Amino acid sequence: MSRIGKQPVIIPEGVNVNLTDSVISITGPKGVLSLRIPQNLTIAKQDNAITVNVLNPEDGATRALWGTTGRLISNAITGVTKGFSKKLIITGVGYRAHLKDKTLVLEVGFTHPVEFKPEDGITVALDGTTIIIISGIDKQRVGEYAARIRGVKKPEPYKGKGIAYEGEVIQRKAGKQAAGAAK
């Protein structure tokens, strides 16, 4: 086990952390994020560090939440200072995206364009017509929004057409012609 929960989370300059009951509120230059702390965990703030402690270290379920809570706090601090972004790449003949009044419109081989309304705290930008950049301060919401867009047309294994994350490796298959020639 990595014991990641024992490590303190460092609070950088320009970030303000408020602890109230079971909610931690983190304010930074990019915005404000709040997290609910599970019942059996306590949060302590010393100088420029936050430590997460377990009330009952023998309970396995509580120990599982220990490191997770520490990383969620760390991600919130990163989000309000730097932010998070995901890049999606559209591959395929005639596949493209454009913005219409802040609404993302995808043309990915269906008879109709697929539209995505913007969510609060999420910004969508385009780099050309085939690269979508999703950014925001909440890592989970950015990832979920990107996953919903990718889910419209996942990359297929034969030609690789579809919407993929930047750097994603698509397992390719040989088609009928290539498979028949190999025999």
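Under our numbering, think of the first position of the sequence shown as 212, with each following residue one higher. The C-beta atom is built at its ideal place from N, Cα and C for all residues, glycine as well. As the structure is a prediction and not an experimental result, all values here were calculated from the model.
Query	Result
Could you say which of Q388, I235, L244 lies nearest to Y369 if we only look at CA atoms?	Q388
Per DSSP, which one or two residues make a beta bridge with I343?	L299, L337
Nearest by alpha-carbon distance to F321: which of N286, K372, I333, P240 is it?	K372
Terminal residues of the continuous alpha helix (DSSP H) containing Y356?	350 to 363
Exposed or buried, what is I215 when buried is set at 16 or more other beta-carbons lying within 10 Å of its beta-carbon?	exposed
Could you tell me which residues DSSP puts in a beta bridge with K370?	According to DSSP, K370 bridges with nothing at all.
Over what stretch of residues does the beta strand (DSSP E) that includes R307 continue unbroken?	307 to 311
Is the region 256 to 263 touching the region 214 to 232, taking contact as three or more C-beta pairs under 8 Å?	yes
Alpha carbon to alpha carbon, what distance is there between A275 and E269?	11 Å
Thinking C-alpha only, which one of T289, S296, V263, P249 is nearest I347?	It should be pointed out that residue 347 corresponds to Gly in this sequence rather than to Ile. When each option's Cα is compared against that of G347, the closest is S296.
Spatial neighbours of V449 within its chain, please: C-beta separation below 8 Å, excluding the five flanking residues on both sides.	Since the first residue shown for the chain is 212 and the last is 394, residue 449 is missing from the structure and cannot be characterised.
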